[in-house]
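In terms of this note's numbering, the sequence shown has 174 at position 58, counting the first letter as 1, and numbering is strictly consecutive. For glycine and all other residues, C-beta sits at the position ideal for the given N, C-alpha and C. Shown next, in structure tokens, is the structure this report addresses.
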Amino acid sequence: MEFVTTETVPGRETRESLGIARGNTVKARNVGRDITQSIRNITGGELKAYSELLTDARDEAMERMAEDARSMDADAVVNVRLETSQIASGGSEVIAYGTAVKLD
């Protein structure tokens, strides 16, 4: 399965568009992480625990998008996009989506 942010897969012809493939996840912070990250926020520097949380969420959303594309028998997903939004205080959704396609 190939994923690209472009309209086509370089060097390949798109035979058929199968529809939108998508995957999402909602992740929440935890109290332990909030305490350590609050201290880091005061002293400055990267909030690594939050970076890791969002990286995990993006990876999970991408894997779920891949599963959705596989269920459509796609060879690739083009125009892949990732978006993040706040769902509730301390909780964020990450969604990955793109167009599932069959390639020649």
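Between the alpha carbons of T200 and E209, how many angstroms are there, rounded? Along the sequence shown, one-based indexing puts residue 200 at 84. Along the sequence shown, one-based indexing puts residue 209 at 93. Taking C-alpha positions only, T200 is separated from E209 by approximately 6 Å.
Counting C-beta neighbours from all protein chains within 10 Å, is the total for A144 16 or more, i.e. buried, or is it exposed? On the sequence shown, position 28 is the one that residue 144 refers to. Counting the other CB atoms within 10 Å of its CB gives A144 a total below 16, which places it among the exposed residues.
For the alpha helix (DSSP H) containing T171, list its first residue and its last residue. Translated into positions along the sequence shown, residue 171 becomes position 55. Unbroken alpha helix (DSSP H) run through T171: 164 to 187.
Residues bridged to E209 [DSSP beta-bridge criterion]: Position 93 of the sequence shown holds residue 209. Answer is V142, S201.
Cβ atoms of E168 and T141: under 9 Å apart, would you say? Taking the first residue of the sequence shown as position 1, residue 141 is located at position 25. Taking the first residue of the sequence shown as position 1, residue 168 is located at position 52. Between T141 and E168, the C-beta gap is not smaller than 9 Å, which leaves the two residues out of contact.
Based on the DSSP secondary-structure assignment, which residues constitute the bridge partners of G214? Position 98 of the sequence shown holds residue 214. G214 pairs with A137.
Cα separation between L219 and R138? Along the sequence shown, read from residue 1 onward, the residue named residue 219 stands at position 103. Along the sequence shown, read from residue 1 onward, the residue named residue 138 stands at position 22. Answer to the nearest angstrom: the Cα atoms are 19 Å apart.
In angstroms with no decimal places, state the Cα-to-Cα distance between S187 and V217. Counting from 1 along the sequence shown, the entry for residue 187 is found at position 71. Counting from 1 along the sequence shown, the entry for residue 217 is found at position 101. When rounded, the separation of the alpha-carbon atoms in S187 and V217 is 12 Å.
Measure from the alpha carbon of A173 to the alpha carbon of each residue in I211, D191, V196, then state which is nearest. By one-based count along the sequence shown, residue 173 stands at place 57. Nearest Cα to A173 within the set I211, D191, V196: I211.
Close-in-space but distant-in-sequence residues of the same chain around E183 (CB under 8 Å, 5 per side omitted): Your numbering for residue 183 matches position 67 in the sequence shown. So the qualifying residues of the chain are G139.
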